[in-house]
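**Student:** Quick one: this structure, given as structure tokens, is what I'll be asking you about.
Numbering (my numbering), first residue to last: 53 to 753.
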């Protein structure tokens, strides 16, 4: 129903008679091209004219060939390119009134009254000033005889929508890609005892790179920090300062490279929303910035966002550092808190003594980010005073007794490693429930954290069903979704899904590049995901696929034929490459081989075909920055939640010099929602023991 409503909504939109200009300004950032592409294609889709403004505001001031009409084909093959293909420049002329007058003249000549600006706070502030002056600028142009009164009336209002493109992430969006090369460089230095200087958004790297020390303007070091840092580093070397020091400034490596899957999707969604905002705006609508809040596109007042950014600098200048951290937003603040929680272990004398034992295990297929989640859970659990136990090989290892205590140092260096260092299997607990109960009793397990995919979900359900027969399972049970298939019920995103998406997108980029300079070619790509079409559909969006076939959206031979005809027409132009993605279980009859043979036969004389089954390459490799951060933060929140439930759910009693715990709560099924970095809303599916049915919201993990 929702899909049908959205389709009708888009079909009823009309941009006929409107002209939209898109420009990129300031420092370039990966994802800008994806945003430009989305604006162009969405604008053309609704019937509007769309113009490129080359070289940012400078191109708007200079006019001429710097302002060109865009076509659907003109943005092909730019999705995977870094930087901005339409150019970006910091323009002194636009800061002057005379420069803005020239820019207004150039826009009016082309009938442009809708402007989409992609840049930082300075670029967006300039756009808002331009909008405020617009009527006055037109009056001057009439007075100078450059335009007539009719044009002044026809183009009397300028509408502005901003999209933030900045690797600094001080405006909250379009900044994920810079972490990828940044984190790659930091991990390359591991073991070299180097101190990399990371200027942009260093706080993000804290949780994903497991940094030993960090210096950021929002949290200046306390007096005597040099001694404390030496003490921290001395745990890694034999003698205090008895080693060489190297400084590595990452610099523009953070700005270069192709955009990640996340940045392409984020930019594409915001580009579409920007066009919708321009179509719906009126003369009295204030300029806005489009962003994502939770998993929904939102429009925020532009100048309020700019003022908030400026308040941060003011707070730091006045040495109100705690306020500066808060003004950066909950994401920044919670990244910093998570880092502090995980980076430095408190002395044993300062740790609480909870007398609770918590076990952690991975279930199902490996997913990148599992190790980051385990590390986070173990260290937070120890900080909470619990004794942490690691279970090897999932529920199979559980009933076999492969359980051992895991210490703080045991999980050092786990964040950036792929796969599952604990081992993981798909075995479900039902057949061995009695032996698992014995192990629970033997090790006195008071809470269980299960990290995995659909098998982990089923395993939790089986443990819940066993509660009536085994009181050992009447404890807090928490599940973290971790699977590349992203198919855990009640969740929007799983640990490992982003890494798999990046593997798909990077492979598709290379496959398309292999056809450069050759005859017309269509690639048929099969993705994993079981019966969940997440990887195929979202991967198709990020890779710029011509079609994506998934189980959730039934298709027949008529649709296949229509897609072949579309590609045939496309290949008759200058476009040389086509891309089709198919989920492995999208249809039992229309297999990858069938689709390949169909396209090959119908495309004879126009294009040839190649097929690729990506297979387990989607499952392997080091976790992406997103998955490291996501796994780290939700595991930390999960352990804090477990600690809270343990304290609420049990009362202590002395018996035979040992503690006996009695359950005082009823069982329910709880869904914990977590909003991450203002980008997406994720859900932790948890089976818990608690007194009343309620929804516990964990905002900003």
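Note that beta-carbon positions come from the ideal geometry of N, C-alpha and C, so glycine has one too.
Hey, out of 700, 663, 507 and 191, whose CA is closest to residue 419's CA?
**Tutor:** 507
**Student:** Which stretch, first to last residue, makes up the alpha helix (DSSP H) that contains residue 450?
**Tutor:** DSSP places residue 450 in the uninterrupted alpha helix (DSSP H) bounded by 446-451.
**Student:** If you draw a straight line from the C-alpha of residue 327 to the C-alpha of residue 319, how long is it?
**Tutor:** The alpha-carbon atoms of residue 327 and residue 319 are separated by roughly 12 Å.
**Student:** Considering only residues of the same chain and omitting the five flanking positions on each side of residue 592, which have a CB-CB separation below 6 Å?
**Tutor:** The answer, listed in chain order, is 600 and 633.
**Student:** Which class does residue 215 belong to by DSSP, given the choice of helix, strand or coil?
**Tutor:** strand
**Student:** Can you tell me whether residue 622 is buried or exposed? The criterion is at least 16 other CB atoms within 10 Å of its CB, across all chains shown.
**Tutor:** buried
**Student:** Rounding to the nearest angstrom, what Cα-Cα distance links residue 164 and residue 625 in this structure?
**Tutor:** 29 Å
**Student:** On a Cα-Cα basis, can you pick out the residue from 527, 335, 538 and 344 that is closest to residue 17?
**Tutor:** Beyond the ends of the chain as shown, which are 53 and 753, falls residue 17; an answer cannot be given.
**Student:** Does the segment 542-557 come close enough to the segment 517-529 to have 3 or more Cβ pairs within less than 8 Å?
**Tutor:** no
**Student:** Measuring only the C-alpha atoms, how far is residue 381 from residue 484?
**Tutor:** 47 Å
**Student:** One question on the structure: do residue 214 and residue 76 come within less than 8 Å of each other, judged by their Cβ atoms?
**Tutor:** no
**Student:** Consult DSSP for residue 162 and reduce its assignment to one of helix, strand or coil.
**Tutor:** Residue 162: coil per DSSP, three-state reduction.
**Student:** Measuring alpha carbon to alpha carbon, tell me which of 607, 201 and 595 ends up nearest residue 128.
**Tutor:** 595
**Student:** Decide if residue 356 is buried, meaning its Cβ has at least 16 other Cβ atoms within 10 Å, or exposed.
**Tutor:** exposed
**Student:** Just tell me which of 442, 400 and 451 has its CA closest to the CA of residue 435.
**Tutor:** Residue 400 is the option with its Cα nearest to residue 435.
**Student:** Mind checking who residue 499 pairs with in its DSSP beta bridge?
**Tutor:** 410
**Student:** Measuring straight from C-alpha to C-alpha, what distance separates residue 701 and residue 630?
**Tutor:** 57 Å
**Student:** Do residue 309 and residue 134 have their C-beta atoms closer together than 8 Å?
**Tutor:** It is a contact, given that the beta carbons lie within the stated cut-off.
**Student:** Mind checking which residues open and close the alpha helix (DSSP H) that includes residue 600?
**Tutor:** Where residue 600 is concerned, there is no enclosing alpha helix (DSSP H), although the beta strand (DSSP E) it sits in stretches over 599-601.
**Student:** Given this structure, state the Cα-to-Cα distance separating residue 158 from residue 693, to the nearest angstrom.
**Tutor:** 58 Å
**Student:** Which residues does DSSP pair with residue 103 in a beta bridge?
**Tutor:** 73 and 121
**Student:** Could you tell me whether the Cβ atoms of residue 438 and residue 333 are closer together than 8 Å?
**Tutor:** No. Outside cutoff.
**Student:** Please determine, among 680, 190 and 650, the residue with the shortest C-alpha to C-alpha distance to residue 470.
**Tutor:** 680
**Student:** Among 414, 202, 311 and 125, which one has its Cα closest to the Cα of residue 628?
**Tutor:** 125
**Student:** Can you name, in chain order, every residue of its own chain whose Cβ lies under 7 Å from the Cβ of residue 547, other than the five neighbours on each side?
**Tutor:** 419, 421, 422, 425, 532, 533, 534, 679, 682 and 683
**Student:** Mapping DSSP to helix, strand and coil, what is residue 340?
**Tutor:** Of the three classes helix, strand and coil, the one that applies to residue 340 here is strand, per DSSP.
**Student:** Would you mind reading off the limits of the alpha helix (DSSP H) that contains residue 486?
**Tutor:** Run containing residue 486: 485-494, per the alpha helix (DSSP H) assignment.
**Student:** Under a three-way DSSP split, which group does residue 729 fall into?
**Tutor:** Note on residue 729: pLDDT 29, under 50, position unreliable in the model; the coordinate value appears next. Correct three-state label for residue 729: coil.
**Student:** In terms of alpha-carbon separation, which member of 90, 82 and 183 lies closest to residue 321?
**Tutor:** 90
**Student:** Taking a contact to mean a Cβ-Cβ separation below 8 Å, would you say residue 676 touches residue 312 in this structure?
**Tutor:** yes
**Student:** What span of residues does the beta strand (DSSP E) with residue 442 cover, start to end?
**Tutor:** 439-443
**Student:** Residue 662 and residue 562 - do their beta-carbons sit closer together than 8 Å?
**Tutor:** no
**Student:** Could you check what DSSP says for residue 633 in three-state terms: helix, strand or coil?
**Tutor:** Assignment of residue 633 by DSSP, reduced to helix, strand and coil, places it in the strand class.
**Student:** Where does the unbroken alpha helix (DSSP H) through residue 620 begin, and where does it stop?
**Tutor:** 609-623
**Student:** If you scan the segment 128-173 from start to end, which runs of the beta strand (DSSP E) of 3 or more residues do you find wholly inside it?
**Tutor:** 166-171
**Student:** With a Cβ-Cβ cutoff of 8 Å, do residue 442 and residue 412 count as a contact?
**Tutor:** Cβ distance < 8 Å, so residue 442 and residue 412 count as in contact.
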